[in-house]
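Residue 45 is where the sequence shown starts when you use my numbering, and the numbers rise one by one after that.
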Amino acid sequence: MKRFLRMYRVEQKIFFRSPDVILFNLIMPLVTLILITMIAGSKNAADSGLTYLQSSYVALSTVGICCSAFMSIPITIVELRSQGILRRMYCSPCSPARLLACDTICSGVMAVISTMILTIAAVAVFGYRMSGNIFVYIALWLLTMLSMFSIGLMVASLCRTTKSMNVATSLLYFPMLLFSGATIPAEVFPAGIRAIFGWMPLGVGIRVLKSVSMGCYDGIVIPVVVLAAIAVICGTVAARTFRWE
């Protein structure tokens, strides 16, 4: 346990020193929330029953998850594999499994910090209040993170080269970030686009989180089952296809 904690502290320091992680995980969601709230925060977001502040807070709380799942986890694992670091560590006391666990936890911590900063700004500065049960919201937020991380781990397991990983993560990251409603409020999209892109894994998570934030628990069973199924299926594929070299 001491070795694990020591390694975790080192890996977490590396994450905090990464400009990309700080920019996309911590700064971008906060700046986007400030801009949307200043422009149209108190206005109703179409027919959603939410203001743009309420809608944007929920959506942007998943940006840290998306960045960690598709930019941090796959990049770290595939680069370690391509450089031969995992292979050299396989028979050493410092097991690669421990390193991967540390990196995954570090990614989760960055997602949590991103949401905490966003929450402090939304509540203390802009007066955001959630109508739904906060504990149910947190549970579903964690389920969304687990689902997205399982996809990231699957990509890391299936991609053997950095080039293929970059292509796969780009095809997943940017469409989810832009069209699932994570950064651009889904309410501004036409109904047809919302119907299509709303079933992206991240879009499913955002939709159920918005429902819970409003105190509406009807119709959340199917999205929860979808997120859980994604976590189980992608996690199983990641475990069975993972290679140390």
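All C-beta atoms in this analysis are idealised placements derived from N, C-alpha and C, irrespective of residue type, glycine included.
Quiz item: From V199, L97 and M115, pick the residue whose C-alpha is nearest to that of R284; which is it?
Solution: Here residue 284 refers to the residue found at position 240 when the sequence shown is read from its first residue. Among V199, L97 and M115, the Cα nearest to that of R284 is on V199.
Quiz item: Can you give the Cα-Cα distance for S201 and K87, rounded to whole angstroms?
Solution: Numbered from its first residue, the sequence shown carries residue 201 at position 157. Numbered from its first residue, the sequence shown carries residue 87 at position 43. Cα to Cα, the separation comes out at about 44 Å.
Quiz prompt | Beta-carbon spacing of G225, I195 below 8 Å | solution = Here residue 225 refers to the residue found at position 181 of the sequence shown. Here residue 195 refers to the residue found at position 151 of the sequence shown. No.
Quiz prompt | N177 - DSSP class collapsed to helix/strand/coil | solution = Working through the sequence shown from its first residue, we reach residue 177 at position 133. In the three-state DSSP reduction, N177 falls in the coil class, being neither helix nor strand.
Quiz item: Taking the alpha-carbon positions, what's the V167 to L104 distance?
Solution: Within the sequence shown, the letter at position 123 stands for residue 167. Within the sequence shown, the letter at position 60 stands for residue 104. When rounded, the distance between both Cα atoms is 14 Å.
Practice problem: Check T106 in the structure and name its three-state DSSP category. | Solution: Sequence index remark: in the sequence shown, residue 106 carries index 62 (1-based). T106: coil per DSSP, three-state reduction.
Quiz prompt | Residue of F233, G259 and L221 minimising C-alpha distance to L246 | solution = The count along the sequence shown starts at 1 and reaches residue 246 at position 202. Nearest C-alpha to L246: L221.
Practice problem: Using the Cα positions of E123 and T206, report the straight-line distance between them to the nearest angstrom. | Solution: As a first step, residue 123 is located in the sequence shown; it is residue number 79 there, counting from the start. As a first step, residue 206 is located in the sequence shown; it is residue number 162 there, counting from the start. Their backbone Cα atoms lie some 6 Å apart in a straight line.
Quiz prompt | Cβ-based neighbour list, F223, same chain, cut-off 6 Å, excluding 5 preceding and 5 following | solution = One-based indexing of the sequence shown puts residue 223 at position 179. So the qualifying residues of the chain are F241.
Quiz item: Is it the case that the Cβ atoms of L94 and L162 are separated by a distance below 8 Å?
Solution: For the purposes of this step, residue 94 is taken as the residue at position 50 of the sequence shown. For the purposes of this step, residue 162 is taken as the residue at position 118 of the sequence shown. No, these two residues do not count as a Cβ contact at 8 Å.
Quiz item: alpha helix (DSSP H) containing K207: first to last residue?
Solution: Along the sequence shown, one-based indexing puts residue 207 at 163. Looking at the DSSP string, the run of the alpha helix (DSSP H) that includes K207 is T206 to F223.
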